[in-house]
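S.K.: First the structure, then my questions, so here it is.
In our numbering, the protein residues as written are -3 to 230.
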């Protein structure tokens, strides 16, 4: 991960969720004024369900820059990032769209946070939420993650979502000690789950985006007065 390498960190990638794309389902975007993407996996599921080249000029509003970048990489040409969370995405939709101008497609997983569809429908928008993938919690820690957690050089664990933090906490065990490690969390919602374990410190990103998460990690490393290995999970 280049952002971690720039901080002088070695990273162990330890996915807490197994992503399973659903079989492609026909999606017709006629009359849609925009597509809403809340994860990179939603973008992948959307691309798999469209004919090659189809729908690439429909406006796409992504929740953050990571999902926006993944959507652009799949050939969508009119992608805009809300730069934050579901609240920011709703605000962007209200700036760019009007209920009378057409319906919205939400490319989603089987588990969603923030009730994007319901909150937009209250505002008068018609939203079609298509479930395009499952995100299933893993059932055991990988050997590489277990080794990293025992390694005295490991300094921090990065958490990107409440669900991944929940899975980590469950697998590690709520009574387990991670007291020499720091938890660096994308948002306060993530941190609330992570705090069920006894960390040395819990650091929360100033904004729910990857760049701010890296800033939070940098603060943690500066506070420790060193640059060292870290463990990341998504």
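The beta-carbon is built from N, C-alpha and C at its ideal position, and this holds for glycine as well.
(1) Does the distance from the C-beta atom of residue 104 to that of residue 70 stay below 8 Å?
(2) In whole angstroms, what is the alpha-carbon distance linking residue -1 and residue 153?
(3) Which same chain residues end up closer than 7 Å to residue 205 when comparing Cβ atoms and leaving out the 5 residues on each side of it in sequence?
(4) Do three or more CB pairs link the region 110 to 130 to the region 141 to 158 at distances below 8 Å?
(5) Taking DSSP's pairing of strands, which residues face residue 152 in a bridge?
(6) For residue 46, tell me which candidate among 26, 94, 35 has the shortest Cα-Cα distance.
(7) Given a cut-off of 8 Å on the beta-carbon distance, is the pair residue 99 and residue 43 in contact?
(8) Please list the terminal residues of the continuous alpha helix (DSSP H) segment that includes residue 131.
(9) Give the secondary structure of residue 29 by DSSP, where H, G and I count as helix, E and B as strand, and everything else as coil.
(10) Quick one: which unbroken alpha helix (DSSP H) runs of 4-plus residues sit fully inside the region 11 to 89? Chain order, please.
(11) Where DSSP assigns a beta bridge to residue 220, which residues make up the other side?
M.R.: Concretely, from the data shown:
(1) no
(2) 15 Å
(3) 60, 61, 79, 80
(4) no
(5) 178
(6) 26
(7) no
(8) Segment 123 to 133 is the beta strand (DSSP E) holding residue 131; no alpha helix (DSSP H) there.
(9) strand
(10) 36 to 45, 61 to 69
(11) In the DSSP output, where bridge partners are listed per residue, residue 220 has none listed.
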